[in-house]
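Protein chains in written order, with my numbering: chain A, 505 to 962; chain B, 391 to 672; chain C, 1465 to 2126; chain D, 17 to 125. From the three backbone atoms N, C-alpha and C, an ideal C-beta is built for every residue, glycine too.
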Ligand code: HEA
Ligand code: HEA
Ligand code: CUA
Ligand SMILES: [Cu+2]
């Protein structure tokens, strides 16, 4: 065991002094307490020292850090923050020192002291006060100037880059994000129908290029926040907001809705993936395609296989992310772009039927697969995404099955379960207006087939 | 110029630190607060006028300046009567004060009647309802809140009027008061109903004679009740009674009420300009 | 129960004063009726305080549940819905049902004493404010019945304490929860505005002779500014709430996009109120601190005029910064810049206060008692909270901080380290005056240290959490974001804080019943309230004092003979005027509030009928309206009548005079 | 018109107060009339808006200073009311300016 350091002992002393009091003499009790205080202080010191490598939250280097940033917008905001920190710290130290000094210097140390003649009854000193006011104003000017610069620099794409800026539209839904690339076209059928490219929950952007995101909302207010790239801007119904972001280099970034938007606000997350020019172009190319069709050979008969974790009852609030994916997310994302090696075409085909049969298509779009619903995430290339259900779960077979088995257990109140507007979900509102009845029921086989099918959509 | 009763100085109350009577100060502070209420409402209305939704109603088509001008004028006149009521009671002239109060109530009722008529007209003829357009939403809410202020003012005036008959001997006074108030309420509501009925009849029936006939045909019960209520009131008030307990000392009560009433008037001045007149600019 | 009841003169039986035949006053001095009909500002203050403390514990309990849920990642201690209800109710309860009424308790109890008045200007209006506040508190909390008894559609509010539209619309909040929130706040608004009008008139008009404005104790000044902020800012939320209510019930489209409405308008209307509101929470606290520091430094407040003036400018500037809560709503550069600058400007007058408090300590004889500990704790903690506030005001940086735990850290530092610390200090400080007993120094200081440590352990890590990207109002988080440790520490801290609060309140309760009795003017105070016996008699001052100096009581203590002569002369004069005039108690304010409660129940608990006719909703609303009307009617007919009392040499009441009219 | 004097023989004063009230009421009516006519006049919009605002303000001031006796009351009443009035006006101006900005345009429908 470590010995308490001298500072800690001194701290104990202070505690002793504070607790002892001329007016309330409690000799036995207060000395006991003082001893306890000393022991407690020592103990706290030991715990702190021992736990130092565990307690590392001040590094603030998580996936959503605003301190370890990877884009010019976030950097400008960070620099400003650091300035405010320094100004505050300096003032805090100066003012705090004076305050501490005054407190200890002018403290009555004994009963006699307390009953001494009252000190001179001075009323103030205008000169001191005025100079302190001036000093505060000056300190604020130090903050105000970079603030003004920051406001104009971060509000929109800088003039010089505006021509080159890449535009996307992001729309918040309860509780997921839709991303529209209005300048890109995607096929709607084999005959050459065109539509703007739409995807969900994972926004892919070009790295090193300014991006202007148009923010819209479908229902309530959401907020689009990718801390490592820049501060948030709200998605407000009936309002045209924009956000300027830029990623220094290719990367995989965590984002989250930052405005309370109802039950599942906490799990309304998303990702931003920045790719270099070439890879971005490839990605666009792939996304423009119709949903991938895997044709089963006529011979093979579909049979559920044991490739999925046996269905277990997932707990409502269970982690949906694995470590491997977490440490090298961009790599994980890249591997997702290619079809899986051990696909079972028959199963996939069966899944496609299940999808059709269960009115999934009422809400979801899968281009080329007769699915054109618009109130839910576009699933055309669902298999190429690393996450599902609004960035909440890792898009692996287990988690996907967990999701389609019982969306409500994953995301409280979610619309796939309760339905969107007139569109019924897994349950349907009773005509009486009270209570729900089951609308979609999937068998274990259905689920397995659906998983295979959805994952084949690369 | 100045006006001061010999005994009570109405601009100085020695029992308070500032010399302003508590009730007056309360009222002014409340009015300051009320400014914020109307500030919020008028802002809402103007913001939505600034950004009208596509295909929204055009207020120029909906509003009818004649009626609004008339009710504006009426409200101004009621303010005059209110001011006279205050001067009267300050001089201790209870009778004159009562008459002024009654006239104020009367004008207030006309204003309310006009407003009800206007709303009715907008809903029925111009198809602007509270919920079918943003203009309706903000317009009815703003002017309706103002109307509520007027209605509360009328109620208050009525109670003050009744109070001015409070007699020194308290025997049975209380039950009488209840009766008075009830009757007064019946009379006022009855008048409103009957007036509306008349307006309605005139509106829907082409000939004047027919209108009057229809009016009596539909409204005879209300007319009877209203007349009865007025008769009763006349009866109460004609009876001999003791010395009333309403004099210069109550001037502050009337004055506070007056401040409220005038404020309602000036809010209307603002609404009249900001909501109605500005819409008619080229 | 109440110590004021126990005071000597009240044991005296009251003669039934001559009453008008049918206008009897259903009032009493004792028992339940005594409390319901009281118009005594001290009893009303006591009730405010009692309710506020109960709700503080409720809000604190909710906070502990919140922290328990967040203790570890992916915790399933609470469901998402329950969690959302919890933080909404926690925020709303703490702000409207704990801090505001606790401040109001001090306004009521202390302010009239500080200005040498016998009561507030409108005693019955004061009672009305109290009971309307209680009605609002009931409505706000009545939604808990839903989850507890499993009644569908009746939940406690869950749209966040600032209830952003359109989440509050019928579409997205179909149940009654938002109705409870709206009506609850509406009633609390009525209560607060009524109370504040009363305080303003009282402070401006009811000062003792010689108590010029520039001699007002700073706490009274802050009461005045707070009251101004309330009467000027609450109207905005009232109107905003009316508008959502109409959207919900009458199909209007103030905030309905389908009808052309703009949800952003709600945010403006709310924050025009909301920002002044946070100064409503802090100015009383600053007032309390400005009383405690001089008393325990045994020096007058340093730079009194500047402290007062800075309070005014904080209040005034507070109306010009509301959009700093909306930096992320895309207001455009110019608007953002303007609000950022205005927000920064507030740091100047606030800093002035801090400097002057330090100036007050400087050269004093500092007595380190419990209230002083809390007061110093306040200065430190508020400073930290203020600095994070300034960091928010740098708008681009705020884009990263907004709606993150950094904001949570900021406002808990100013709200707990600020408001709550000061209110806890005030409780200790005025306890001897209010109840004639004092809290043990040992236990007081112990609770201070536990609270202080617990508080910092809870909220300091939240700065890091926020900067590390943790959004607020999230019931769960993943373990891969680096938030686990800080959350765990914060939760442990909140338990320590809970223990500290528990110690504090147990000690307070113990002292109330069993604490050491102390003599008058226990702390050697400076302002007029300390010139009274403790607990103060019903009539407050035997003789209305004449004020000669800013620290009136300090002056009196130093000029005993002069004052004694003066008082004797004034006592004679007052006696010649018929003795001390006391207002009758009245039940009518209570009745009026009861009516409002019925209206609110009607409006919130029932859905409108689709068939014609009067359903329970309209029916109850009308009944409630009638009850309120009756209450107000009798209240006004009753007139401000009262009776006179006369005192003997020892302050005993020797005779209750006949009733008279004023 | 003299400052408030504690005059005793008040009859002639009352007469003049009565007259003043009536005159003001007439004035208010006339201004209202002018306003109503003004909006139909073919002047530039800004002229009309300015004059409407000015005229309404004049009406407003007459009512509060005469009918509401601010003119004869302690100035503190005026201060009290103007705190609310100015703040309300300022906030309205702020809100209108905020919503007038381009950033606040609602989405085209
Ligand atoms: C008691 C309540 C209280 C107080 C006093 C304050 C005080 C301040 N607040 Fe705070 N604030 C809240 C309660 C309070 N706040 C709450 C509840 C919220 C969140 C609401 C919600 O979203 O739920 C909030 C949110 C909030 C935001 C929005 C954050 C966001 O959501 O994005 C901002 C932004 O500017 C802000 C700023 C400030 C500033 C600049 C001050 C200043 O007044 C602070 C001034 C004080 C000092 C600066 C310290 C002392 C000064 C000196 C020693 C002088 C020298 C110093 C300098 C020159 C820097 N606050
Ligand atoms: C004055 C206001 C005030 C006060 C005093 C507090 C006090 C506390 N607050 Fe709160 N808080 C707010 C105002 C306040 N808060 C607001 C406005 C919000 C925003 C809400 C929103 O987003 O809408 C918020 C949100 C908020 C959050 C964020 C929730 C979220 O965004 O998801 C958290 C999380 O830690 C929190 C924690 C605490 C804690 C631990 C305390 C502690 O200090 C509490 C200390 C008190 C006690 C611990 C009481 C002790 C009592 C007992 C121990 C009794 C127990 C009794 C029994 C078991 C019978 N608060
Ligand atoms: Cu969407 Cu929070
Ligand atoms: Cu603020």
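Among the residues of its own chain, which have a CB less than 7 Å from the CB of residue 1731 of chain C, if the five just before and after it don't count?
-> Leaving aside the five residues that flank residue 1731 of chain C on each side, the residues in its chain whose CB is nearer than 7 Å to its CB run, in chain order, 1628, 1790, 1793.
Give the secondary structure of residue 761 of chain A by DSSP, where H, G and I count as helix, E and B as strand, and everything else as coil.
-> DSSP, reduced to helix, strand and coil, places residue 761 of chain A within a strand of the structure shown.
At which residues does the alpha helix (DSSP H) containing residue 2029 of chain C begin and terminate?
-> For residue 2029 of chain C, the uninterrupted alpha helix (DSSP H) segment begins and ends at 2024-2040.
Just to confirm, are residue 501 of chain B and residue 452 of chain B a CB contact at a threshold of 8 Å?
-> Their beta carbons are not under 8 Å apart, which means residue 501 of chain B does not touch residue 452 of chain B by this criterion.
Note down, in chain order, all residues in the segment 644-663 of chain A with a beta-carbon under 7 Å from any beta-carbon belonging to chain C.
-> Residues 644, 647, 648, 651, 652, 654, 655, 656, 658, 659.
With a threshold of 16 other CB atoms inside 10 Å of the CB of residue 1901 of chain C, please say whether the residue is buried or exposed.
-> By the neighbour-count rule (16 or more Cβ atoms within 10 Å), residue 1901 of chain C is buried.
Does the separation of the CB atoms of residue 779 of chain A and residue 754 of chain A fall below 8 Å?
-> When the beta-carbon positions are compared, residue 779 of chain A and residue 754 of chain A come within less than 8 Å of each other.
Just tell me which of C/1756, C/2088, C/1656 has its CA closest to the CA of residue 2015 of chain C.
-> Relative to the Cα of residue 2015 of chain C, the nearest Cα in the group C/1756, C/2088, C/1656 belongs to C/1756.
Hey, how far is the Cα of residue 22 of chain D from the Cα of residue 403 of chain B?
-> Because the pLDDT of residue 22 of chain D is 42, which lies under 50, any placement of that residue in the model is unreliable, and the number read from its coordinates should be weighed accordingly. In a straight line, the C-alpha of residue 22 of chain D is about 13 Å away from that of residue 403 of chain B.
Residue 1555 of chain C: CB within 7 Å of a non-hydrogen atom of ligand 2 | Yes, the Cβ of residue 1555 of chain C comes within 7 Å of a heavy atom of ligand 2.
For the segment 92-109 of chain D, which residues have a beta carbon sitting closer than 9 Å to at least one beta carbon of chain C?
-> From the segment 92-109 of chain D, only 92, 96, 99, 100, 103, 104, 106, 107 have a Cβ closer than 9 Å to chain C.
Within 8 Å, strictly: CB atoms of residue 612 of chain A and residue 1830 of chain C | Contact flag set, yes.
Could you tell me whether the Cβ of residue 420 of chain B comes closer than 8 Å to any Cβ of chain C?
-> Yes, its Cβ sits closer than 8 Å to a Cβ of chain C.
How big is the Cα-Cα spacing for residue 482 of chain B and residue 634 of chain B?
-> Rounded to the nearest angstrom, the two C-alpha atoms are 12 Å apart.
Excluding five sequence neighbours on each side, which residues of the same chain lie with their C-beta closer than 6 Å to the C-beta of residue 1813 of chain C?
-> Excluding residues within five positions, the ones whose Cβ falls inside 6 Å are 1774, 1777, 1778.
Check whether the Cβ of residue 1788 of chain C sits closer than 7 Å to any heavy atom of ligand 4, and report yes or no.
-> It does: the Cβ of residue 1788 of chain C is within 7 Å (strictly closer) of some heavy atom of ligand 4.
Could you tell me if the beta carbon of residue 1937 of chain C falls within a distance shorter than 7 Å of some heavy atom in ligand 2?
-> Residue 1937 of chain C has its CB nearer than 7 Å to a heavy atom of ligand 2.
By a C-beta neighbour count over all protein chains shown, 10 Å radius and 16 as the cutoff for buried, is residue 494 of chain B buried or exposed?
-> Buried, by the Cβ-count rule.
Cα-Cα separation, residue 111 of chain D to residue 437 of chain B | Taking the CA atoms as reference points, residue 111 of chain D sits about 8 Å from residue 437 of chain B.
Hey, how far is the Cα of residue 1485 of chain C from the Cα of residue 491 of chain B?
-> Residue confidence is low: residue 1485 of chain C scores 38 on pLDDT, short of 50, so the model does not pin down where it sits. Its coordinate-derived value is still stated next. Their backbone Cα atoms lie some 28 Å apart in a straight line.
Buried or exposed for residue 1750 of chain C, please, with buried defined as at least 16 other CB atoms from any protein chain shown within 10 angstroms of its CB.
-> Residue 1750 of chain C sits buried, since 16 or more C-beta atoms from the chains shown fall within 10 Å of its C-beta.
Could one say the Cβ of residue 115 of chain D lies closer than 8 Å to chain B's Cβ atoms, at least one of them?
-> It does: the Cβ of residue 115 of chain D has a partner Cβ on chain B nearer than 8 Å.
Just mark residue 657 of chain B as buried or exposed, buried being the case when its beta carbon has 16 or more other beta carbons within 10 Å.
-> The residue is buried, with at least 16 neighbouring Cβ atoms inside 10 Å.
Determine the DSSP secondary structure at residue 629 of chain A, reduced to helix, strand or coil.
-> Under the three-state reduction of DSSP, residue 629 of chain A is assigned to coil, being neither helix nor strand.
Provide the residue span of the beta strand (DSSP E) that contains residue 904 of chain A, from first to last.
-> For residue 904 of chain A, there is no enclosing beta strand (DSSP E); the residue is found in the alpha helix (DSSP H) stretching over 901-909.
What is the DSSP secondary structure of residue 1563 of chain C, reduced to helix, strand or coil?
-> Secondary structure at residue 1563 of chain C: helix, using DSSP grouped into helix, strand and coil.
For ligand 3, which residues count as neighbours when the test is a C-beta closer than 6 Å to any heavy atom?
-> Applying a distance threshold of 6 Å between residue Cβ atoms and the heavy atoms of ligand 3 selects A/676, A/679, A/726, A/761, A/763, A/764, A/765, A/769, A/772, given in chain order.
For residue 527 of chain A, does the count of other Cβ atoms within 10 angstroms reach 16, so buried, or fall short, so exposed?
-> In this predicted model, residue 527 of chain A has a pLDDT of only 44, less than 50, meaning its place in the structure is not dependable; the value taken from the coordinates is given anyway. Exposed, because fewer than 16 other Cβ atoms sit within 10 Å of the Cβ of residue 527 of chain A.
Could you spell out the range, first to last residue, of the beta strand (DSSP E) harbouring residue 738 of chain A?
-> Start and end: 734-739.
Ordered along the chain, which non-local residues of its own chain (more than five positions away) have a Cβ less than 6 Å from that of residue 507 of chain B?
-> Setting aside the 5 residues that flank it on each side, residue 507 of chain B is surrounded in the same chain by 589, each with a C-beta closer than 6 Å to its C-beta; the list follows chain order.
Residues in the segment 755-782 of chain A with C-beta within 9 Å of chain C's C-beta atoms, listed in sequence order?
-> Of all residues in the segment 755-782 of chain A, 758, 760, 761, 762, 763, 764, 765, 766, 767, 768, 769, 770, 771, 773 have a Cβ within less than 9 Å of some Cβ in chain C.
Contact set between the segment 1789-1802 of chain C and chain D, restricted to residues whose Cβ is under 8 Å from the partner = From the segment 1789-1802 of chain C, only 1794, 1795, 1796, 1798, 1799 have a Cβ closer than 8 Å to chain D.
What does DSSP give as the partner residues of residue 543 of chain A in its beta bridges?
-> Partner(s): none; residue 543 of chain A has no beta bridge.
Closer than 7 Å by beta-carbon distance: list the chain C residues that pair up with residue 118 of chain D, in chain order.
-> Within chain C, 1796 have C-beta atoms less than 7 Å from the C-beta of residue 118 of chain D, given in sequence order.
N- and C-terminal bounds of the beta strand (DSSP E) containing residue 681 of chain A = Residue 681 of chain A -> beta strand (DSSP E) spans 680-691.
Of the residues A/948, A/625, A/896, the one placed nearest residue 905 of chain A, counting alpha carbons only = Checking every option, the nearest Cα to that of residue 905 of chain A belongs to A/948.
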